[in-house]
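Trainee:
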Amino acid sequence: MKRNVLRRLGRRVASMVAVTGLAAGVMVGAGGPASAGVVTTTIVYRCTWPSVGAQDMSATVSLDVPGSGAVGTRMLIGVQIAGLLNQNVSNFLRAVQAASLSGTATIDLGISHNSSAFTLGVPGQTIAQTPVNPTGMVPVNITASPFLGLIAYTPGDVVVKTGQQITLRMDTRKADGTPTALGAFNVPCTVKVTTPPQQGITVPIPLSGTAVTPPSLGTQVPGGTVNKTLTYNCAFPGSTAANYTGTVTGSIPASGAHGARLLPNVALTVPAPATFTNVLQANAAASLSGKSTMDILAANAGEVFTLGIPGPVPSASVPASGTMTVPLFPATPNVLVQSAGSFALALGSQVKDTMTPLKADGSPTSLGSFDVTCTLNTGQDPALGTITIT
1 MKRNVLRRLG
11 RRVASMVAVT
21 GLAAGVMVGA
31 GGPASAGVVT
41 TTIVYRCTWP
51 SVGAQDMSAT
61 VSLDVPGSGA
71 VGTRMLIGVQ
81 IAGLLNQNVS
91 NFLRAVQAAS
101 LSGTATIDLG
111 ISHNSSAFTL
121 GVPGQTIAQT
131 PVNPTGMVPV
141 NITASPFLGL
151 IAYTPGDVVV
161 KTGQQITLRM
171 DTRKADGTPT
181 ALGAFNVPCT
191 VKVTTPPQQG
201 ITVPIPLSGT
211 AVTPPSLGTQ
221 VPGGTVNKTL
231 TYNCAFPGST
241 AANYTGTVTG
251 SIPASGAHGA
261 RLLPNVALTV
271 PAPATFTNVL
281 QANAAASLSG
291 KSTMDILAAN
301 AGEVFTLGIP
311 GPVPSASVPA
321 SGTMTVPLFP
331 ATPNVLVQSA
341 GSFALALGSQ
351 VKDTMTPLKA
361 DGSPTSLGSF
371 DVTCTLNTGQ
381 DPALGTITIT
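Just so it is clear: in the sequence shown, position 91 is 91 by our numbering, and no numbers are missing.
(1) My understanding is that Tyr232 touches Asn86, with C-beta atoms under 8 Å, so please give their C-beta distance in whole angstroms.
(2) Identify the residues that DSSP records as bridge partners of Arg46: which are they?
(3) I need the straight-line Cα distance from Pro253 to Ala344, nearest angstrom please.
(4) Answer yes or no: do Val39 and Leu63 have a C-beta to C-beta separation smaller than 8 Å?
(5) Under the three-state reduction of DSSP, which class applies to Ser90: helix, strand or coil?
(6) Under 8 Å, with one C-beta from each stretch per pair, do the stretch 281-300 and the stretch 232-251 reach the 3-pair mark?
(7) Out of curiosity, what's the CA-to-CA distance linking Gly67 and Thr143?
(8) So the candidates are Cys234, Gly121, Val304; which of them puts its Cα closest to the Cα of Val270?
(9) Just curious, the beta strand (DSSP E) that Ala350 is in, first and last residue?
(10) Assuming the contact rule is C-beta atoms closer than 8 Å, Ala82 and His113 should be a hit. Round their C-beta distance to whole Å, please.
(11) Please determine whether the Cβ atom of Leu207 lies at a distance below 7 Å from any heavy atom of the ligand SAM.
(12) Suppose the cutoff is 6 Å on Cβ atoms and the five residues either side in sequence are ignored; what does the same chain contact list for Leu148 look like?
(13) Mapping DSSP to helix, strand and coil, what is Ala301?
(14) Fully enclosed by the stretch 208-245, which beta strand (DSSP E) runs are 3 residues long or longer?
(15) Kindly list the residues whose CB is nearer than 6 Å to the CB of Thr106, restricted to its own chain and excluding five residues on each side of it in sequence; keep chain order.
(16) Judging by CA-CA distance, which residue of Phe118, Ser102, Trp49 is the nearest neighbour of Val337?
(17) Which residue marks the beginning of the alpha helix (DSSP H) containing Phe276, and which one marks its end?
(18) Alpha carbon to alpha carbon, how far is Pro333 from Leu263?
(19) Taking the beta strand (DSSP E) that Phe370 falls in, what are its first and last residues?
(20) Just verifying my parser: in three-state terms, what is the DSSP assignment at Ala285?
(21) Can you name, in chain order, every residue of its own chain whose Cβ lies under 7 Å from the Cβ of Asn133, other than the five neighbours on each side?
(22) Does the beta-carbon distance from Leu268 to Val351 come in below 8 Å?
(23) Kindly confirm or deny that the stretch 303-315 and the stretch 209-219 touch, where touching means at least three C-beta pairs closer than 8 Å.
(24) Taking 7 Å as the limit between beta carbons, can you name the residues of its chain near Met324, skipping five residues before and five after?
(25) With a CB to CB cut of under 8 Å and the five nearest residues on each side skipped, what residues in its chain are close to Ile205?
(26) Applying the criterion that 16 or more other CB atoms from any shown protein chain within 10 Å of the CB defines a buried residue, is Ser90 buried or exposed?
(27) So the candidates are Val96, Val71, Gln80; which of them puts its Cα closest to the Cα of Ser51?
(28) Using DSSP's beta-bridge definition, name the partner residues of Ile387.
(29) Between Thr388, Ile201, Arg46, which has its C-alpha nearest Gly223's C-alpha?
(30) Opposite Ser112 in the DSSP bridges: which residues?
(31) Cα separation between Arg46 and Thr60?
(32) On a Cα-Cα basis, can you pick out the residue from Asn300, Gly322, Ala331, Ala99 that is closest to Ile309?
(33) For Thr210, count neighbouring C-beta atoms within 10 Å of its own C-beta (all shown protein chains included) and say buried if the count is 16 or more, exposed if not.
(34) Based on Cα-Cα distance, which residue from Ala360, Ala346, Ala340 lies nearest to Ser116?
(35) Please return the same chain residues whose Cβ sits closer than 8 Å to the Cβ of Leu101, not counting the five positions on each side in sequence.
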């Protein structure tokens, strides 16, 4: 079934490329169609693998973007990467008895608006489980939709661009489901240096309307250790919406060089009500995991953005009795700022989680999946810290 799905996906991508006639670099101009839709190109990455070293991976990369937007209104951006591992890597996977691969990816996306320009490396994007075929080259498919929610508060073009880097976190399994000798490992990939250079995809999204006041980033201080409590109003299944004290922990770099990777780290946990925990326990749930979209505010070069960051949230054990604490925040993106100045961060107003409880044997409970939405109460200080960019 998965193989048939991949074949259909490959045919759709191939058809898209044939119809649009896109070359290795694609620029969608402001005078283009009213809806940019899916823009696709081919990019060759240079990826470093265990044992076989640096190898080329050709990938069909697609950005799904709106053709236009409005000031203060959320825009959703999707990313899809359909890669093909070359013969050296495919043979290597077969040599270690890999029957399937899956994992997650960190994908770069460049964003610029007026004088602000930065790149986000968003982790936790799903690499679909794929069989390692007995012969031929093995596909790697990453779908991230939505990859990012984005709100800007001033008019002008928001320019979205494919980045220079992806990192694959691969999990290879034998036919019996046990890990191969490789276990889980990282495969860093960068756009291959060619002559002329590969350009990727660049899409300007014109924003209509007049400037609106952005949300407050609170009382900003230089980056450092984050440890604060904030009150969220959350709606848990089995309970009416109520206020809960969320704990925010992590660290924000105090400084960093422009053009260098910066690694902020933030986590949010909220104590679940007893009624919710009781429902999980009554349905034999042993763990709770899922995916989240968390709003983060970012300010750079006179512009403020709300970034809706998606990703998986860590699994939490469901106790046999008593209450539990629920993790709500996905993995934090890394950021690369293009120019000297500052990059300030704060918590946004909303976090949405889709949670799935599982039994001890990993099978789903009768509860299926459900949503938990938490909203930050007003009148609090959401500041996380400011990074000085040198």
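Just so you know, even glycine gets a beta-carbon here, dropped at the ideal spot from N, CA and C. Note that this is a predicted model, so its numbers are computed, not measured.
Mentor: Taking the structure as given:
(1) What you label residue 232 is simply residue 232 of the sequence shown in a count that begins at 1. What you label residue 86 is simply residue 86 of the sequence shown in a count that begins at 1. With 8 Å as the limit, Tyr232 and Asn86 do not qualify as a contact, their Cβ atoms being about 47 Å apart.
(2) Walking along the sequence shown from the start, residue 46 turns up at place 46. Answer is Asp56, Thr190.
(3) The sequence position of residue 253 within the sequence shown is 253, counting from 1. The sequence position of residue 344 within the sequence shown is 344, counting from 1. So the two alpha carbons sit approximately 10 Å from each other.
(4) Reading the sequence shown from its first residue, position 39 is the one you call residue 39. Reading the sequence shown from its first residue, position 63 is the one you call residue 63. The criterion of a C-beta distance shorter than 8 Å is satisfied by Val39 and Leu63.
(5) Within the sequence shown, residue 90 is the residue found at index 90, counting from 1. In this structure, Ser90 counts as helix in the three-state DSSP scheme.
(6) no
(7) Position 67 of the sequence shown, counted from the start, is the residue given in the question as residue 67. Position 143 of the sequence shown, counted from the start, is the residue given in the question as residue 143. Distance between the alpha carbons of Gly67 and Thr143: 20 Å.
(8) Position 270 of the sequence shown, counted from the first residue, corresponds to residue 270. Among Cys234, Gly121, Val304, the Cα nearest to that of Val270 is on Cys234.
(9) Looking up residue 350 in the sequence shown gives position 350. Here residue 350 is Gln; the residue named in the question, Ala, does not match the sequence. Here the beta strand (DSSP E) through Gln350 covers 341-358.
(10) Taking the first residue of the sequence shown as 1, we reach residue 82 at position 82. Taking the first residue of the sequence shown as 1, we reach residue 113 at position 113. Not quite, the Cβ-Cβ distance comes to about 29 Å (not below 8 Å), so this is no contact.
(11) With respect to the ligand SAM, the structure offers nothing, as it holds no ligand at all.
(12) Within the sequence shown, residue 148 is the residue found at index 148, counting from 1. Only Ile77 meet the Cβ criterion.
(13) For this step, residue 301 is matched to residue 301 along the sequence shown. Note: Ala301 maps to coil in three-state DSSP.
(14) 225-235
(15) In the sequence shown, residue 106 corresponds to position 106, counting from 1. Closer than 6 Å at Cβ, skipping near neighbours: Gly121, Pro123, Thr167.
(16) Start at 1 with the first residue of the sequence shown, and residue 337 comes out as number 337. Nearest option by C-alpha distance: Phe118.
(17) If you number the sequence shown from 1, residue 276 lands on position 276. Element bounds for Phe276: 274-282.
(18) Counting from one through the sequence shown, the residue named residue 333 turns up at place 333. Counting from one through the sequence shown, the residue named residue 263 turns up at place 263. Approximately 7 Å between the Cα atoms of the pair.
(19) One-based indexing of the sequence shown puts residue 370 at position 370. Its beta strand (DSSP E) spans residues 370-376.
(20) Counting from 1 along the sequence shown, the entry for residue 285 is found at position 285. In the structure shown, Ala285 sits in coil (DSSP, three-state: anything other than H, G, I, E or B).
(21) Residue mapping note: residue 133 aligns to position 133 of the sequence shown, counting from 1. Answer for Asn133: no residue qualifies.
(22) Here residue 268 refers to the residue found at position 268 when the sequence shown is read from its first residue. Here residue 351 refers to the residue found at position 351 when the sequence shown is read from its first residue. For Leu268 and Val351, yes; Cβs fall inside 8 Å.
(23) yes
(24) Translated into the one-based positions of the sequence shown, residue 324 becomes position 324. For Met324, where only same-chain residues beyond five positions count, the Cβ hits under 7 Å are Ala272, Thr277, Ala316, Val318.
(25) What you label residue 205 is simply residue 205 of the sequence shown in a count that begins at 1. Here Ile205 has Ala36, Val65, Pro66, Gly67, Ser68, Gly69, Met75, Asp157, Val158, Val159, Val160 as same chain residues with Cβ atoms under 8 Å from its own Cβ, once five neighbours each way along the sequence are excluded.
(26) On the sequence shown, residue 90 is found 90 positions in, with the first residue counted as 1. Classification of Ser90: buried, given that the 10 Å Cβ count is 16 or more.
(27) The sequence position of residue 51 within the sequence shown is 51, counting from 1. Here the closest residue by C-alpha is Val96.
(28) Locating residue 387 in the sequence shown gives position 387, counting from the first residue. Ile387 is bridged to Phe343.
(29) The residue labelled residue 223 in the question sits at position 223 within the sequence shown. Looking at the Cα atoms, Thr388 is the closest of the given residues.
(30) By one-based count along the sequence shown, residue 112 stands at place 112. Its beta-bridge partners are Ala117, Val159.
(31) The residue you call residue 46 lines up with position 46 of the sequence shown. The residue you call residue 60 lines up with position 60 of the sequence shown. So the two alpha carbons sit approximately 14 Å from each other.
(32) Numbered from its first residue, the sequence shown carries residue 309 at position 309. Minimum Cα distance to Ile309 is reached at Ala331.
(33) Mapped onto the sequence shown, residue 210 falls at position 210. Looking at its Cβ environment, which holds fewer than 16 other Cβ atoms inside 10 Å, Thr210 is exposed.
(34) Working through the sequence shown from its first residue, we reach residue 116 at position 116. Of the listed residues, the one whose Cα sits closest to Ser116 is Ala340.
(35) Taking the sequence shown and counting its residues from 1, the one referred to as residue 101 is at position 101. Closer than 8 Å at Cβ, skipping near neighbours: Leu93, Ile127, Gln129, Thr130, Val132, Val138, Val140, Met170, Asp171, Thr172, Arg173.
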